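Trainee:
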């Protein structure tokens, strides 16, 4: 069981991911709707893993990823992207993201990525 922080500006997406994770017996320790909240919550909760949306207000997922990795080099972050964001996904992986999952979420793909990243 892992402690997971979900970051997405769409409440529906956070709910969907939360349901997938909880059914797999993971604990959702927090939800953030933008990159600023993501960094704050990461520092407060120190989760085992973060699912991070790329496109968000205030601070996007790549900026938040870079900020978290800078302070916590061993942070495990999986990026979530819509189709057609391949360039940003590559940038995120280069910046330290461990994997990515594509929306709409497929339960098995989400859990596979999480299990692989958690090792």
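In the numbering used here, the protein residues as written are 6 to 124.
From the three backbone atoms N, C-alpha and C, an ideal C-beta is built for every residue, glycine too.
Since this is a predicted model, take the numbers as computed values, not measurements.
Is it the case that the segment 41 to 54 contacts the segment 104 to 115, given that we only count it when at least three CB pairs across the two stretches are under 8 angstroms?
Mentor: These segments do not touch.
Trainee: Please name the residue in 82, 54 and 53 whose C-alpha comes closest to that of residue 66.
Mentor: Comparing Cα-Cα distances from residue 66 to each of 82, 54 and 53, the minimum goes to 82.
Trainee: Apart from the five residues just before and just after residue 123, which ones in its own chain have a Cβ nearer than 8 angstroms to its Cβ?
Mentor: Contacts found: 7, 53, 54 and 81.
Trainee: Need the endpoints of the beta strand (DSSP E) that residue 58 sits in, please.
Mentor: 54 to 58 is the extent of the beta strand (DSSP E) around residue 58.
Trainee: Output the distance between the C-alpha atoms of residue 76 and residue 28, rounded to the nearest integer angstrom.
Mentor: So the alpha carbons of these two residues sit roughly 31 angstroms apart.
Trainee: Do residue 39 and residue 63 have their C-beta atoms within less than 8 angstroms of each other?
Mentor: Yes, the Cβ-Cβ distance between residue 39 and residue 63 is below 8 angstroms.
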